[in-house]
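My numbering puts the first residue of the sequence shown at 1, with every later residue one more than the last.
To start, the structure itself, in C-alpha cells.
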Amino acid sequence: MKCLALLLSLAVSLHAADKPNIIVVVADDLGYADVLFNPQHAKEITTPHLDSLAKQSVICRQGYVSGHVCSPTRAGLMTGRYQQRLGLYTGGEAGSGLPMSEKIFPQYLKPAGYATGQFGKWHLGPDLAWSPALRGFDEVFGFLGRGAHDYFKLDDPEDPIYRGTEIVHEKGYLTDRLGEETCAFITKHKAQPFFAYLAFNAVHAPLQAPDDEIAKFNTGNKDRDTLLAMGKRLDDAMGKIIATLKSEGEWDNTLLFFISDNGGPLAQSADNTPLRGGKHTDYEGGIRVPFLVCWPAQLKPGEWQSPVSSLDILPTALAAAEVKVAATSVAGDSAKAEATLDGINLLPLLKGEAAPQSRDLFWCSGSDEGWWAVRSGDWKLVGEKAKISLFDLSKDVSEASDLAAQMPEKVAELTKLHDAWLANMAKPVKAGEKRYDMAPQAGKKPKKMTKEEKKKARDMERAKKRQPTTTNESPKAPNP
Ligand SMILES: [Ca+2]
C-alpha cells in the first residue's frame, strides 16, 4: 500500500515537475511613471532591477487593475472575478473580508502539485479568521487586516506580523524581509512547482525608508525622496528574487507577473505621467498601472498595447499550470465558489497565437464614492458623482479633452454597457447603492455621513496634519 502511495505521489510529482513556477508580485500604490520602464519616468527614478525584468518581459502598456484602492483590487486579483460580484465595491467592504467561500489561487494550484506561499500584505479580512493560511497557502509571512504597516516596527502587538497563524517578533526593514522570505521559499521549494504571492506594502504610506537610502535622492521634496527610497528598496528586493530564481535554475520556467494594486497617490508625490489623476480615482492614473508578464521559456519579450486586466492574472496562471476551471454560470448566484471567471487567459495573445478580441472593462466603487468607469475599444466614460466625462484614449491618454457634451450618443451607449454590467453585480455588502444617485430630488436633505465616512474623513484630516517624512515617525496610515 505504501509502495502504491509512493508510486502515485511520484507520478504526480513527475507530471508536476514540468509545470511552471508562478509568482505574482503586487506593489502597493506604485506610480505609473515611478519605474524606469515607463519612458516618461522622471530623471530621479532608480529601479534597475525592475527595468531589467521589463526587458525580459511583455510590458503591458495598458494594464489595468479592477479597483482604484488596495483591497478591492486584491479581491478581484485573488478570484479572477470582478469584486463587485461579491458586493465588494469599496476599500472598507473588501478589507472587511473576502468571503471564505471564494476559491483563490492556492486552492486551484495546490491540488495541481504546487507549493504555495503568501508574503506581505493581505488586506482581505481584518483578523486571523481571514488569514491566507486558512485558505490554501502552505506558508504565510505577513500582516493581515490593515492596508498599511510600519516599515521598521515589526514587533508591534497592535499590528503583528504572522508566520502562518503565529505571531512572530521580527526586526529589519519590512520590504527587505518580504523579499528575503520569498527568496527562501523559492530555494526551499525549487524541487516542485511553486506559487508565490508577494504583496509588498511598499510604497504605500507611511513614508518610511532607511536614512541612508533617502539621502541618495535630492529632489528638493523630502516626501518624494522618501517615496523614491522606498521604491528603490522594493527594486532591490526584486533584484534578489530574480537572482535567486536564476541561481536555483528556476528562472526560465517561472511565470512572473508584476503589477501595482492601484495608481500612485498624488498626495504622496507619486508620478503617474502621462495619466490623469491617481489613487482613489477612475481616471487612468488611478487604475492603469505598471504591468509586466515574464516567462522566459514561453514568452518573447516586447510590448503589448491592448488592454489587459489584473483579473486576467488568475486565469493566465491557471492555464499555464494546466488547471481547469469549472465554467459554472454565475447568474443569480454570486456566492458560488467556482463561478465563471471575468479575467481571460492572456497566453495565446501574448504568444501571438490569437488576435485580441474587443473587450469591455468596468469599474465601480458604489454610491458612497460615486466613481464608475467603462472602457470599450478606445472609448472611456468616467463618472465621478454627477460629473460624467468621455474620452478617446487613442488620441488622449491623459484624459484632457472631455467629449461628453459633443457626443451624447456615445455617452448613452457606454452608460448602457455599464448599467448592463452593474445589473449582474451583487448589491454592496454595506447595503449602500451600487450607483451614485445623479439626480437627487429637489429639497432632499443631504445624506448624513455614515460611521465609516466619518472615520475616513478623520483619518484623512489626521494624515494631512501628520506628513511623515522621517524614519522615527510611525503613523498609522489610512487604510483604503
Ligand atoms: Ca494600494
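Backbone N, C-alpha and C fix where the C-beta goes; we use that ideal spot for every residue, glycine too.
*What's the gap between the Cα of Pro-20 and the Cα of His-280?*
Taking the straight line joining both Cα atoms gives about 35 Å.
*With DSSP collapsed to three states, give me the class of Ser-389.*
The answer is strand: DSSP assigns Ser-389 an E or B state.
*Under a Cβ-count criterion, where at least 16 other Cβ atoms within 10 Å of its own Cβ denotes burial, should Gln-208 be classed as buried or exposed?*
Its Cβ being crowded by 16 or more others within 10 Å, Gln-208 is buried.
*What span of residues does the beta strand (DSSP E) with Trp-379 cover, start to end?*
Counting along the chain, the beta strand (DSSP E) containing Trp-379 begins and ends at 379-384.
*asked:* With a threshold of 6 Å on Cβ separation, who are the neighbours of Cys-60 within its own chain once the five nearest residues in sequence on each side are excluded?
replied: For Cys-60, where only same-chain residues beyond five positions count, the Cβ hits under 6 Å are Phe-291, Trp-304, Val-308.
*Enumerate in chain order the residues of its own chain whose CB-to-CB distance from Ala-354 is below 8 Å, with the five nearest sequence positions on each side excluded.*
Cβ within range, chain order: Pro-348.
_Top-ranked residue by Cα proximity to Asp-155, from Leu-178, Pro-408, His-169_ = Per the Cα distances, His-169.
*asked:* Using CA atoms only, rank isn't needed, just tell me which of Asn-424, Leu-314, Ala-373, Asp-437 is closest to Leu-109.
replied: It is Leu-314 whose Cα lies nearest to the Cα of Leu-109.
*Check whether the Cβ atoms of Val-35 and Phe-257 lie closer than 8 Å to each other.*
Contact flag unset, no.
*Since Arg-375 is in the beta strand (DSSP E), which residue starts that stretch and which ends it?*
Its beta strand (DSSP E) spans residues 371-376.
*Please indicate yes or no: does the CB of Cys-70 lie closer than 7 Å to some heavy atom of ligand 1?*
Cys-70 Cβ: within cutoff of ligand 1.
_Checking 8 Å against the spacing of the C-beta atoms, do Gly-31 and Asp-261 come in under that value?_
Contact flag unset, no.
*Contact set for Val-429: own chain, Cβ-Cβ below 6 Å, skip 5 residues either direction*: Excluding sequence positions up to five before and after Val-429, its CB lies within less than 6 Å of the CB of Gly-87, Glu-93, all in the same chain and listed in chain order.
*Please check if any C-beta of chain B sits within less than 8 Å of the C-beta of Ile-259.*
Here chain B cannot be found, since the structure has a single protein chain.
*State the Cα-Cα distance for the pair Arg-146 and Leu-178, rounded to the nearest angstrom.*
About 16 Å.
*For Ser-131, does the three-state DSSP call read helix, strand or coil?*
Ser-131 falls in the coil class under three-state DSSP.
*Look at Met-230 and Leu-53 and say whether their C-beta atoms are less than 8 Å apart.*
It is not a contact, given that the beta carbons lie outside the stated cut-off.
*Cβ pair Gly-142, Ile-161 closer than 8 Å*: In this structure, Gly-142 lies near Ile-161, with their beta-carbon atoms less than 8 Å apart.
*Is His-149 near ligand 1, in the sense that its beta carbon is under 7 Å from a heavy atom of that ligand?*
His-149 Cβ: outside cutoff for every heavy atom of ligand 1.
*So, helix, strand or coil for Asp-333, using DSSP?*
Per-residue confidence for Asp-333 stands at a pLDDT of 49, beneath the threshold of 50, marking its modelled position as unreliable; no derived number is given.
_For Ala-420, count the other beta carbons within 10 Å of its own beta carbon; 16 or more makes it buried, fewer makes it exposed. Which is it?_
When all chains shown are included, Ala-420 counts as exposed.
*Would you report the Cα separation of Met-438 and Pro-132, rounded to the nearest angstrom?*
The straight-line gap from Cα to Cα measures roughly 39 Å.
*asked:* Report the CB separation of Pro-274 from Ser-398 in whole angstroms; it is logged as a contact under 8 Å.
replied: Between Pro-274 and Ser-398 the beta-carbon gap is near 5 Å, inside 8 Å, which marks them as a contact.
*Ser-247, DSSP secondary structure in three states*: Three-state DSSP puts Ser-247 in a helix.
*asked:* Please report the distance separating the alpha-carbon of Lys-240 from that of Lys-246.
replied: Spanning the two alpha carbons is a distance of roughly 10 Å.
*Could you give the residue range of the alpha helix (DSSP H) that holds Leu-174?*
Looking at the DSSP string, the run of the alpha helix (DSSP H) that includes Leu-174 is 174-188.
_At the level of alpha carbons, what is the spacing between Glu-338 and Gln-107?_
With a pLDDT of 43 at Glu-338, under the threshold of 50, the modelled position of that residue is not reliable, and no figure is offered here.
*Give me the Cα-Cα distance between Glu-180 and Asp-159, rounded to the nearest whole angstrom.*
Cα to Cα, the separation comes out at about 20 Å.
*asked:* Shorter than 7 Å, the distance from the beta carbon of Asp-271 to the closest heavy atom of ligand 1, or not?
replied: Every heavy atom of ligand 1 is 7 Å or more from the Cβ of Asp-271, so no.
*Work out the CA separation of Ala-196 and Phe-137 for me, nearest whole Å.*
Their backbone Cα atoms lie some 9 Å apart in a straight line.
*Leaving out five residues on either side along the sequence, give the residues of the same chain with a beta carbon under 6 Å from the beta carbon of Asp-333.*
Residue placement at Asp-333 cannot be trusted, given a pLDDT of 49 that sits under 50; what the coordinates show is reported in the next sentence. Contacts found: none.
_To the nearest angstrom, how far is the alpha carbon of Ala-184 from that of Arg-359?_
The straight-line gap from Cα to Cα measures roughly 39 Å.
_Bridge partners for Trp-122 per DSSP, in chain order?_
Paired residues: none, contrary to the question.
*Those residues which DSSP pairs with Ala-27 across a bridge*: Paired residue(s): Ser-260.
*asked:* Buried or exposed for Pro-72, going by 16 or more other Cβ atoms inside 10 Å?
replied: Burial call: buried.
_Trp-295 vs Leu-255 beta-carbon contact at 8 Å_ = Yes, the pair counts as a contact, with Cβ atoms nearer than the cut-off.
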